[in-house]
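Encoded as structure tokens, the structure appears first; notes follow it.
In our numbering, the protein residues as written are 2 to 253.
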């Protein structure tokens, strides 16, 4: 049965019985999955489904037994996460209730980790995202872990997760992002030739990568090839005139 059908049937029930807990729960679940399936459209109508999720599930919680709250809290937490940074604390609150219910929700730790990232709590994010690795991880999860370790200057773990992402994803853009981060880490470690290889590998796939030309310029500068370094930085600005780090190098 489609989510739209479930939504409509629950609406009919709620017109006659507005506090029917099961109907409220079903309307909340259906609203969330309709929102997820159609959220690319970003219309006011789609946003209304997200609001209906939260309203319906919060109302349903008043009428259901505590033993029945795990699934509601799980969907409610994910819905609050979808609302962004200012609702991340509520996402964590309800995802934690779902976690405490003892029911296994496969992506709960991933969403909880992402909510912590919205709050800037990197260490808690890493703890939750690492727990998410108990399920077969997506390349995107591996990449997010790499980025999070990078934010706390744990370069070895960051590099490990970027390499793992490259080995597991077929998404060329994601691979190139990882290579850039790896290149910068290697450059900061003094591994200039290895860093150069990473930046050149990016340029081979995407010559318009301003980040890669910027990084290659850093290596060339370090190797004393200043004219070539400036040439790479000028190319970086040609592709992205607002590339801040390159503008600082060229003092423009």
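The C-beta atom is built at its ideal place from N, Cα and C for all residues, glycine as well.
Would you decide whether residue 252 is buried or exposed? Buried here means 16 or more other CB atoms lie within 10 Å of its CB.
-> exposed
Backbone secondary structure at residue 140 - three-state DSSP = helix
Would residue 89 pass as a contact of residue 95 if the rule is Cβ separation under 8 Å?
-> no
Under the rule that 16 or more other beta-carbon atoms within 10 Å means buried, what is residue 49, buried or exposed?
-> exposed
Just the Cα atoms here: how many angstroms apart are residue 114 and residue 123?
-> 9 Å
From this set, 19, 8, 87, 16, which residue's C-alpha is nearest residue 54's C-alpha?
-> 8
Expressed to the nearest angstrom, what Euclidean distance is found between the alpha-carbon atoms of residue 38 and residue 220?
-> 45 Å
Own chain residues within Cβ distance below 7 Å of residue 165, not counting five before or after = 143
State whether the segment 59-68 contacts the segment 23-35, with contact taken as three or more CB pairs (one from each stretch) at a distance under 8 Å.
-> yes
Please list, in chain order, all residues of the same chain as residue 104 whose beta carbon is under 8 Å from its beta carbon, the five residues on each side excluded.
-> 71, 72, 75
Which of the three DSSP states, helix, strand or coil, is assigned to residue 13?
-> helix
Three-state secondary structure (DSSP) of residue 77 = helix
Are the segment 150-157 and the segment 135-142 in contact at 8 Å, needing three or more beta carbon pairs?
-> no
Residues of its chain near residue 33, where Cβ-Cβ distance is below 6 Å and the 5 sequence neighbours each way are ignored | 54, 76, 80
Can you check whether the CB of residue 101 is closer than 8 Å to the CB of residue 78?
-> no
Would you mind stating whether residue 182 and residue 200 have Cβ atoms separated by less than 8 Å?
-> no
Whole-angstrom Cβ separation of residue 130 and residue 111, contact assumed at under 8 Å?
-> 7 Å
Put residue 114 into one of helix, strand or coil per three-state DSSP.
-> helix
Distance, Cα to Cα, residue 156 vs residue 249?
-> 24 Å
Whole-angstrom distance between residue 211 and residue 245, CA atom to CA atom | 11 Å
Under three-state DSSP, which class holds residue 185?
-> helix
Span of the alpha helix (DSSP H) around residue 161 | 156-169
Would you mind sorting residue 68 into buried or exposed? The rule is 16 or more other CB atoms within 10 Å of its CB.
-> exposed
Neighbourhood of residue 86 by C-beta, 8 Å cutoff - its chain only, sequence neighbours within 5 removed = 119, 120
First through last residue of the alpha helix (DSSP H) which encompasses residue 90 = 89-101
Does the distance from the C-beta atom of residue 196 to that of residue 203 stay below 8 Å?
-> no
Exposed or buried, which one is residue 233 when buried takes at least 16 other CB atoms within 10 Å?
-> buried
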